[in-house]
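Encoded as structure tokens, the structure appears first; notes follow it.
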Amino acid sequence: NAGVTQTPKFRILKIGQSMTLQCTQDMNHNYMYWYRQDPGMGLKLIYYSVGAGITDKGEVPNGYNVSRSTTEDFPLRLELAAPSQTSVYFCASSSRGGAGTEAFFGQGTRLTVV
Amino acid sequence: AQSVSQHNHHVILSEAASLELGCNYSYGGTVNLFWYVQYPGQHLQLLLKYFSGDPLVKGIKGFEAEFIKSKFSFNLRKPSVQWSDTAEYFCAVNAGNNRKLIWGLGTSLAVNP
């Protein structure tokens, strides 16, 4: 049972480069989320999706884009990498949003922008 | 706006000491409450959760939390910590019809052997 799988685990980007962080889940969850985690700052929601074809902005969406063409996949794209995007990124999914829903997290992607 | 406050940012304990981590939230209606744990270098895992019913919730690894509605609190406790409990602990709240979890900033726990 894979759960939520993120790739890559580590990446170093140069300023201005682009990349896509991959996230896939095999639990048939409708809801998926992208968070970034910075030291002492907790988790900040970047984007989320409530189902295939539907995405919405979270707290810190600037500099990122997402798509949700299938239930399983929720890639996060950085178009022009900036040092401020150095962070650990976590993808999560849940069976539904709202009351009492447990979120399942991927292993994280540690991104450094130099 | 809904918010979650974790009072202790860094906690250092010796093994066998008792633990209590504070979590308060701001929302007057029905809430669902969670504690997640993140061990060094790993992803977040659910420790325990409260939906309704008994306000004292038992979780994995001997952890428990008590929901006190009048105090808007959901404090995490463990009677006797172990070195392996060294981790970061996050409180999260889902309130009303919100589709998203609201997260606290986390508490870093270091347990000395």
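Chains as they are written, first to last, in this note's numbering: chain A, 1 to 114; chain B, 1001 to 1113.
We treat Cβ as the ideally placed atom computed from N, Cα and C, and that holds for glycine.
Small disclaimer: the values here were computed from a predicted structure and weren't measured.
With the criterion set as a beta carbon lying under 9 Å from some beta carbon of chain B, the members of the segment 31-42 of chain A are TYR31, TYR33, TYR35, GLN37, GLY40, MET41 and GLY42, in sequence order. In this structure, B:PHE1067 sits near B:PRO1055, with a CB-CB distance shorter than 9 Å.
Here the segment 1100-1113 of chain B makes contact with the segment 1011-1025 of chain B; the two share three or more CB pairs at distances below 8 Å. In the structure shown, B:ILE1060 adopts helical secondary structure according to DSSP, grouped into three states. Among the residues facing chain B, A:TYR48 is included, as its CB has a counterpart in that chain under 9 Å away. A:GLY106 belongs to the set of residues whose beta carbon lies under 9 Å from a beta carbon in chain B. Rounded to the nearest whole angstrom, the CA to CA distance from A:PHE105 to A:GLY3 is 8 Å. Not a single C-beta of chain A is nearer than 9 Å to the C-beta of B:LYS1061. Setting aside the 5 residues that flank it on each side, A:PHE10 is surrounded in the same chain by ARG110, each with a C-beta closer than 6 Å to its C-beta; the list follows chain order. In the three-state scheme derived from DSSP, where H, G and I count as helix and E and B as strand, B:SER1084 is classed as helix. In summary, B:SER1052 is exposed, with fewer than 16 beta-carbon neighbours lying within 10 Å of its beta-carbon over all protein chains present. Annotation: the continuous beta strand (DSSP E) that includes B:LEU1046 extends over 1044-1050.
Residue contact check for A:GLY58 against chain B: a CB pair falls below 9 Å.
If you draw a straight line from the Cα of B:GLN1002 to the Cα of A:PRO61, it comes to about 19 Å. Listed along the chain, the chain B residues whose CB falls inside 7 Å of the CB of A:LEU45 are LYS1100. With fewer than 16 other Cβ atoms inside 10 Å of its own Cβ, A:MET41 counts as exposed. Following the DSSP letters along the chain, one finds A:THR101 in no beta strand (DSSP E), marked with neither H nor E. Scanning the segment 1021-1045 of chain B for uninterrupted beta strand (DSSP E) segments of 3 residues or longer gives 1024-1026 and 1031-1038, listed from N- to C-terminal end.
Residue pairing of A:GLN37 in beta bridges, as defined by DSSP: A:LEU43 and A:VAL88. Apart from the 5 residues on each side of it in sequence, B:SER1073 sits with its Cβ closer than 6 Å to the Cβ of ASN1024 in its chain, given in chain order. Residue range 4-7 is occupied by the beta strand (DSSP E) that includes A:VAL4. The beta carbon of A:ASP26 sits closer than 6 Å to the beta carbons of ALA2 from its chain, once the five residues preceding and following it are set aside; these are given in chain order.
Nearest in C-alpha terms to A:SER84, of all of A:GLY53, A:CYS23 and A:ARG36, is A:ARG36.
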